[in-house]
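Residues 15 to 129 (my numbering) are what the sequence shown spells out, left to right.
I have placed the structure first, in the form of structure tokens, so that the comments after it can refer back to it.
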Amino acid sequence: MAATEAYLEKHGVTKMLDAIVNELVSEKPADPISFLINGLLKEAGKRGQEPALLQRLVELKKTLLSEQAEASKTLDEKAKLSAEVDKLAYRIKHLCKALDTAEANGGGGGGGAAA
């Protein structure tokens, strides 16, 4: 038991938790779990520690920002391709009309060589 108490004393765990719990009881937040977690994160910040949770959140943020940039590029590329498809569809439509007109006017160009 002495080793446990020494550990808690060495790291200031009991004082820290007492302070956070007293603040919790004083404020009576709607979400006590989040309040306690935030209290622990604040304490870690005061001690100059970056909890693994925060490190992971920073990593996730970097990943999300990277993926967002990639998605934005993909959407831009899709818009360009869609515009190109529209232009090509327009050209095909008018080329088909021109062919239909040429065939109707007898310019179908049966073009075989006479033997």
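Glycine is no exception: its CB is placed at the ideal position from the N, C-alpha and C atoms.
Note that the structure is a prediction, hence the values are computed from the model and not measured.
In this structure, DSSP gives Ala44 a state outside helix and strand, which the three-state scheme calls coil. In the structure shown, the three-state DSSP call for Asn119 is coil. DSSP places Glu57 within a helical segment (H, G or I) once states are collapsed to three. Non-local beta-carbon contacts of Ala112 in its own chain, meaning distances under 7 angstroms to residues more than five positions away in sequence, are absent. With contacts defined by Cβ atoms closer than 8 angstroms, Gly26 and Glu37 do not form a contacting pair. Spanning the alpha carbons of Asp45 and Val39 requires a straight line of approximately 12 angstroms. Within the same chain, and ignoring the five residues on either side of Phe49 in sequence, the residues whose Cβ sits closer than 6 angstroms to its Cβ are Leu38, Pro43.
Cβ-Cβ separation between Leu78 and Leu68: approximately 15 angstroms, too far for a contact (criterion under 8 angstroms).
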